[in-house]
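Worksheet: one structure, shown below.
Number of protein chains: 2
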Amino acid sequence: MIERLALIGVGLIGGSLARALRGAGAVGEIIGCGRSAENLELAFDLGVIDGCTRDPAVAVEDADMVFLAVPLGAVRGVLERIQGRLREDAVITDGGSVKGSIVADAAAVFGEVPARLVPGHPIAGTEHSGVGASFPELYHNRRVILTPLPQTDVVALERVRTMWQAAGAVVTEMDVAHHDHVLAATSHLPHMLAFGLVDLLARQQDNDEIFRYAAGGFRDFTRIASSNPVMWRDICIANADALSGMLARFGEEMTDLAETIRRRDGDHLLDIFSRAKTARHAYVDGVSPPKPEQDPEQSG
Amino acid sequence: MIERLALIGVGLIGGSLARALRGAGAVGEIIGCGRSAENLELAFDLGVIDGCTRDPAVAVEDADMVFLAVPLGAVRGVLERIQGRLREDAVITDGGSVKGSIVADAAAVFGEVPARLVPGHPIAGTEHSGVGASFPELYHNRRVILTPLPQTDVVALERVRTMWQAAGAVVTEMDVAHHDHVLAATSHLPHMLAFGLVDLLARQQDNDEIFRYAAGGFRDFTRIASSNPVMWRDICIANADALSGMLARFGEEMTDLAETIRRRDGDHLLDIFSRAKTARHAYVDGVSPPKPEQDPEQSG
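What follows is the structure, encoded as structure tokens:
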């Protein structure tokens, strides 16, 4: 049971966690902190938070759990602001899509990464943002990856794990660098392709017509290009090394594929497409994860 | 009203058209032609076709409408086989995703493109294939693009238009080269990126784990990588010039984007992501097409 949760950033991610914990009776009081008075007011009206402030230092007063759900570029500033203002037993965790950066930010601000900081990442989200888009079921049966360090306090780790389980999530652990590599591949890289494709097409002369004839597959493919640009700028910078390497390699492969197509090398094309179809079927559609981890989006 | 429809290729595209036309009472008899006896038997059992043959020349006997729904690489062979076997007033049309190639195939086989050949392309489909995946509503409110040539017979054009309208589609016309450019951008290019991404990730050492942590966005993004590899090989070759040019340009842009990320150039990243979000919203989600053309997949 969390007595007082300080929610630094009250959007889709933070708002959904608050709603889930409240629904599960797993939290006493929730204090929201954000920069937009309008959004905080909406969060209050929706019953997501019990009180609010625009100052992180005020938000964390007496909080036994602090959840950071701000764009990655804002994390260091928040840590600087809350330093020395935390309850002694307060646990800090976050929902960022890159884990190396919060570790670096914490080390820079606190001198070393605090034992009660547990970096975390819920693999969930939609292309919408803001507390109005939050909903309590966002984390149901979704994976949450925690990336504890050697110095991480086991009690703090356990408290964060319990919190996510109360929200309906399936919690696993991973090494910080490995997490950032896996996420670069499965999330950050696809977002770059979707943003890049829509941007390329929007710059074509007949873009009106191009988008008019876009069918369902294109809509699915580019839906993630509607995601929050500031959040994605920060993710790119926070995971720059892993992501830029992978994206550069993908760029080269597409240049090669273009040449294969130009040469009309049918055998090579068939190899690539068959391998991809088999891999997607085996890994994404064909292999059911264990029951409690089933993904509602998997079918269809 | 079509007296006798010859369906050359009885899969998702041909089978769905047959089912829609039968449901609308717009067709008398339907003869299916394909290479797989098993698939033809299934088509017969499902009531999609009334008779079947494995020889296109037999299938088109007495047919007043011939619909080609075979992979693009098989079109020329079919045209060679049916040459001289067609009823004098028979109209030929097709469902291929590239229109320049059927025009070239027809010119090569017949000496010039026949006046009664009306190249066409329904912008519809799923990642599944085979007659078992066909359903009569596939074309409901979906666009069909016809690309008539100067010599195209107006009566033949009108008959094809009427056929698609009976299947529930919204018919428009476009120039052959323009069609192939627009489709390269909205369909062929996204498919290359999805195939390429899944293939790249499948070749990573920790691919098991990478796919295990793939979230909903990745599933949506890569769904089209489950499409039929032979069909896509043929599309690539048929639209090689337009597609390879666009893909090469995309490859370069991704290489540039990788460098922008490596440099941690946040302003540039924000520009790209914001432009893409705005474009996708304006063109794909924000602008509702006229009522009869609404896309059921547009919401969500």
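Order-wise, the sequence lines are chains H and A.
What the first sequence shows, in full-length UniProt numbering, is residues 1 to 300, in sequence order.
What the second sequence shows, in full-length UniProt numbering, is residues 1 to 300, in sequence order.
Backbone N, C-alpha and C define an ideal beta-carbon position, used for all residues, glycine too.
Assigned with DSSP and collapsed to three states, A/Leu247 falls in helix. No Cβ of chain A is located within less than 8 Å of the beta carbon of H/Ser97. The criterion of a C-beta distance shorter than 8 Å is satisfied by A/Ala90 and A/Val60.
The beta carbon of A/Arg35 sits closer than 7 Å to the beta carbons of Arg54 from its chain, once the five residues preceding and following it are set aside; these are given in chain order. For the pair A/Val113 and A/Thr93, the CB atoms are not nearer than the 8 Å cut-off. In the three-state DSSP reduction, H/His128 falls in the coil class, being neither helix nor strand.
Neighbours of A/Gln204 across chain H, judged by C-beta separation under 7 Å: Ala185.
In chain A, no part has a C-beta under 8 Å from the C-beta of H/Met1; the shortest such distance is about 29 Å. Counted as a single uninterrupted DSSP element, the alpha helix (DSSP H) harbouring A/His181 occupies residues 176-183. For A/Glu88, same chain residues with a beta-carbon under 7 Å away, outside a window of 5 residues either side, do not exist.
For the C-beta of A/Glu252, the chain H residues within less than 8 Å are, from N- to C-terminus, Gly251, Thr255.
H/Ser274 reaches chain A at Pro229, counting residues in chain order whose Cβ is nearer than 8 Å. Residue-level contact by beta carbon fails for H/Thr147 and chain A, as no gap is shorter than 8 Å. Excluding sequence positions up to five before and after H/His268, its CB lies within less than 7 Å of the CB of Thr260, all in the same chain and listed in chain order. Neighbours of A/Ile210 in chain H, taken as residues at a C-beta separation under 9 Å, are given in chain order as His181, Val182, Ala185, Thr186, Tyr283.
When Cβ-Cβ separations below 8 Å define contact, H/Gly266 makes contact with chain A. Not a single CB atom of chain A sits nearer than 8 Å to the CB of H/Asp105.
The Cβ-Cβ distance between A/Ala166 and A/Ala24 falls below 8 Å. Taking a beta-carbon distance threshold of 8 Å, A/Val198 counts as an interface residue toward chain H.
With its beta carbon at least 8 Å from every one in chain H, A/Cys52 lies outside the interface. The beta-carbon separation of A/Thr186 and H/Ile210, rounded to 6 Å, stays under the 8 Å limit for a contact. Every alpha helix (DSSP H) stretch that sits fully inside the segment 66-121 of chain A and reaches 4 residues is listed by chain position as 75-82, 100-110. Scanning its chain for C-beta atoms nearer than 7 Å, with the 5 sequence neighbours on each side dropped, one finds around H/Glu80 the residues Val109, in chain order.
The C-alpha of H/Leu12 is placed about 7 Å away from the C-alpha of H/Gly125. In the structure shown, the three-state DSSP call for H/Ala24 is coil.
At a beta-carbon threshold of 7 Å, the residues of chain H lying near A/Ala194 are Phe221, ordered along the chain. Our two residues, A/Gly28 and A/Arg4, have alpha carbons roughly 6 Å apart in a direct line.
Neighbours of H/Leu269 across chain A, judged by C-beta separation under 7 Å: Arg233, Cys236. At least one CB atom of chain A sits nearer than 8 Å to the CB of H/Leu189. The beta carbon of H/Val176 lies closer than 8 Å to those of Lys99, Gly100, Val103, Pro119, Thr147, Leu149 in the same chain, with the five residues before and after it left out. When H/Ser97, H/Asp105, H/Leu72 are compared, the shortest CA-CA separation from H/Gln83 is found for H/Asp105. Boundaries of the beta strand (DSSP E) around H/Thr53: 51-53.
Sequence-distant partners of H/His181 (beyond 5 residues in either direction) whose C-beta falls short of 8 Å from its own C-beta, in its chain, are Ala242. Taking 8 Å as the CB threshold, H/Ile102 stays off the interface with chain A. Taking the Cα positions, A/Ala184 is about 47 Å away from H/Leu21. Distances from the CA of H/Ser226 to each of H/Arg76, H/Gln205, H/Leu193 were compared; the closest alpha carbon is that of H/Leu193.
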